[in-house]
Amino acid sequence: MQPSDDWWRSAVIYQIYPRSFADSDGDGMGDLPGITARLGSLRDLGVDAVWLSPFYPSPQADAGYDVADYRGVDPLFGSLADADKLIAAAHGLGLRVLVDLVPNHTSSAHAWFREALAAAPGSPARQRYLFRDGRGPGGDEPPNSWPSVFGGPAWERITDPDGKPEQWYLHLFDVSQPDLNWAEPAVRDEFVDVLRFWLDRGVDGFRVDVAHGLIKQADLADWHYPNAILGGLSHEGPPPPMWDQEGVHEIYREWRAVLDEYPGDRILVAEAWVQPPGRLARYVRPDEMHQAFNFEYLEAPWAAEALRTVIAGSLAANGAVGAPTTWVLSNHDVVRHVTRLGYPVGEPRRHGIGAEDPQPDAGLGLRRGRAATLQMLALPGSAYLYQGEELGLPEDTRMPDDVRQDPAWARSGHTEKGRDGCRVPIPWEADAPSYGFGPSDASWLPQPGVWAEFALDRQRDVPGSTYELYRSALRLRRDLGLGTGTLTWVDSPADVLAFRNAEVLVVTNFGPAPAELPAGARVLLSSEPLTADGRVPQDVTVWAR
């Protein structure tokens with residue numbers, strides 16, 4: 044592992060989606076022993092840490108983000124002993140381990156919620172969640188007008204043992220994910236204990252799901268705008284009453300104090316869809332979290348000026364509070380960036396793609412995706428990679444609708460394809476069953492036939508492959524100190540983004556005219572070959588000295 048002193052300021056962290064990384068037993072579901080067996084590949088790739096999406100006991104209504112027990116491992120994925128072995132194996136390879144924490148809501152199968160359903164209105168058990176009486180005659184209307192992120196209303200009414208309609212509970216996501224009441228001390232005490240449980244087992248930190256959503260405006264005021272957590276928060280009107288409330292910062296200051304008791308620089312990472320950058324930077328003040336994903340960068344159009352504005356604004360906002368900027372292009376909630384970038388510049392970001400939708404230009408998307416990655420890995424700060432992106436893995440845009448499992452697909456009335464396309468199990472070996480995902484052909488989501496051409500064994504040691512581009516970039520990034528460097532902008536034409544970092548010149552050309560490099564520049568790495576006369580073609584990023 045890196046030395047503990049602020050390792051997180053420049054780390055490259057690899058997201059593992061446990062269902063889809065590696066299956067050890069052939070049941071078609073990825074698991075912890077499968078991950079442990081493949082950790083050596085991540086060391087060879089050159090990342091510093093791994094982040095695991097949830098593996099806790101869960102009914103799996105939202106792929107594990109509906110947690111029934113925060114102190115265990117779902118039998119789908121293994122056991123606590125398997126988690127301990129994974130942590131130890133990762134540490135033995137020099138990799139740190141972050142786990143997902145889901146504090147905004149539990150599963151409806153959680154013991155607390157079952158207790159709340161059996162208890163009376165106003166009881167301590169109900170106080171742990173956001174139960175409210177309904178409006179209108181007989182309380183038949185929801186307590187307010189909030190929509191669920193997954194479609195439909197954000198309130199569900201319960202019935203008493205006799206079948207009589209009773210109170211409503213809030214679920215900003217699926218109906219099986221009741222929101223916790225973070226104004227309740229018992230909730231705060233419980234999660235401090237959960238933090239300690241995993242810290243005592245050796246984890247190096249936590250990625251905090253929906254970090255901007257824990258506290259709701261006290262009056263639960265009506266909200267008549269789309270609840271677009273996964274599309275940024277751009278809207279007309281007042282600040283949303285369910286996101287980015289002041290009270291969240293008190294929670295994270297308490298958590299930071301807990302982590303600071305432990306050796307080895309344990310960290311907190313915010314998944315917070317918050318704009319503008321100055322608001323997001325408040326989550327990474329010195330006594331709060333260490334990192335916050337930069338979703339504004341993820342959502343920026345493929346254009347020089349737009350990216351320059353986002354990069355400069357992000358660095359300035361985070362620099363003002365002494366925090367690094369944390370860059371990301373893909374994750375388990377968004378269309379993979381090599382597919383996203385295959386559409387015309389400026390089109391709205393899609394929330395899933397189906398066979399009947401306009402299809403991306405796959406070649407263009409991969410070309411731009413490689414250039415985007417090389418640009419991201421040259422920026423100072425920390426960066427996150429999503430499993431399979433080092434293979435150039437695209438979104439599955441032709442998945443049959445009858446196999447989709449994302450709750451957004453059903454709750455949106457089959458209008459939003461959802462996130463399954465980026466969650467398909469990844470390919471390791473082109474000619475093996477399930478492309479090496481597991482020892483059988485089983486796969487919880489079907490793998491497209493094109494997966495063979497992206498398999499790791501088809502790319503390892505192949506010059507120019509996407510995998511080797513990533514591996515070279517990660518090695519150079521570490522050797523040249525790019526993560527701890529300082530960005531200086533370089534004057535360039537309107538369609539070119541150019542900057543220096545740690546004596547490395549980084550040039551991305553967005554325009555049709557090839558871009559010039561300075562006389563005598565020595566190319567260190569390029570996302571695609573240069574022109575015959577040494578210029579940078581369109582949709583290419585170059586590192587040079």
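The numbering used here puts the first residue of the sequence shown at 44, with every later residue one more than the last. Beta carbons are placed, not taken as given, at the ideal position from N, Cα and C, and that holds for glycine.
Counting only the same chain and skipping the five closest in sequence on each side, list residues whose C-beta sits under 7 Å from that of residue i.
i	result
residue 60	96, 375, 430 and 466
residue 72	62, 66, 119 and 487
residue 224	170, 171, 172, 173 and 230
residue 349	343
On the three-state DSSP scale, how would you describe residue i?
i	result
residue 491	coil
residue 56	strand
residue 297	helix
residue 178	strand
residue 338	helix
residue 266	coil
residue 171	coil
residue 433	helix
residue 370	strand
residue 143	strand
residue 199	strand
residue 361	helix
residue 311	strand
residue 426	strand
residue 320	helix
residue 585	strand
residue 467	coil
Would you mind stating whether residue i and residue j have Cβ atoms separated by less than 8 Å?
i	j	result
residue 254	residue 315	yes
residue 437	residue 379	yes
residue 109	residue 150	yes
residue 75	residue 129	yes
residue 353	residue 328	no
residue 472	residue 479	yes
residue 416	residue 510	no
residue 489	residue 446	yes
residue 252	residue 104	no
residue 85	residue 141	no
residue 286	residue 337	no
residue 574	residue 414	no
residue 260	residue 288	yes
residue 538	residue 347	yes
residue 578	residue 560	yes
residue 185	residue 195	no
residue 115	residue 100	yes
Among the residues of its own chain, which have a CB less than 8 Å from the CB of residue i, if the five just before and after it don't count?
i	result
residue 40	In this structure the chain extends from 44 to 588, so residue 40 is not present and cannot be described.
residue 407	384, 385 and 582
residue 411	345, 381, 384, 385 and 582
residue 273	At residue 273 the pLDDT is 43, less than 50, meaning the model places this residue with poor confidence; the figure from the coordinates comes in the next sentence. If we look at residue 273 and ignore the five residues flanking it on each side, its Cβ neighbours are 192, 316, 376, 377 and 394.
With 16 as the cutoff for other CB atoms within 10 Å, does residue i come out buried or exposed?
i	result
residue 209	buried
residue 309	buried
residue 277	At residue 277, the pLDDT of 48 sits below 50, so the modelled position is not reliable and the matter cannot be decided from this model.
residue 166	exposed
residue 123	exposed
residue 240	exposed
residue 333	buried
residue 222	buried
residue 588	exposed
residue 113	buried
residue 94	buried
residue 205	exposed
residue 532	exposed
For residue i, which residues of its own chain have a beta-carbon under 6 Å away from its beta-carbon, when the five flanking residues on both sides are left out?
i	result
residue 367	52, 424 and 425
residue 439	464, 467 and 491
residue 546	none
For the stretch 207-259, which segments carrying the alpha helix (DSSP H) assignment without a break, of at least 4 residues, lie completely within its bounds, in sequence order?
Listed in chain order, the complete alpha helix (DSSP H) runs (minimum 4 residues) inside the stretch 207-259 are 228-243.
Any alpha helix (DSSP H) of 4 or more consecutive residues that is wholly inside the stretch 494-547: 494-497, 499-502 and 509-523
* In chain order, each alpha helix (DSSP H) run of at least 4 residues that lies wholly inside the stretch 62-112 -> Whole alpha helix (DSSP H) segments, 4+ residues: 75-88.
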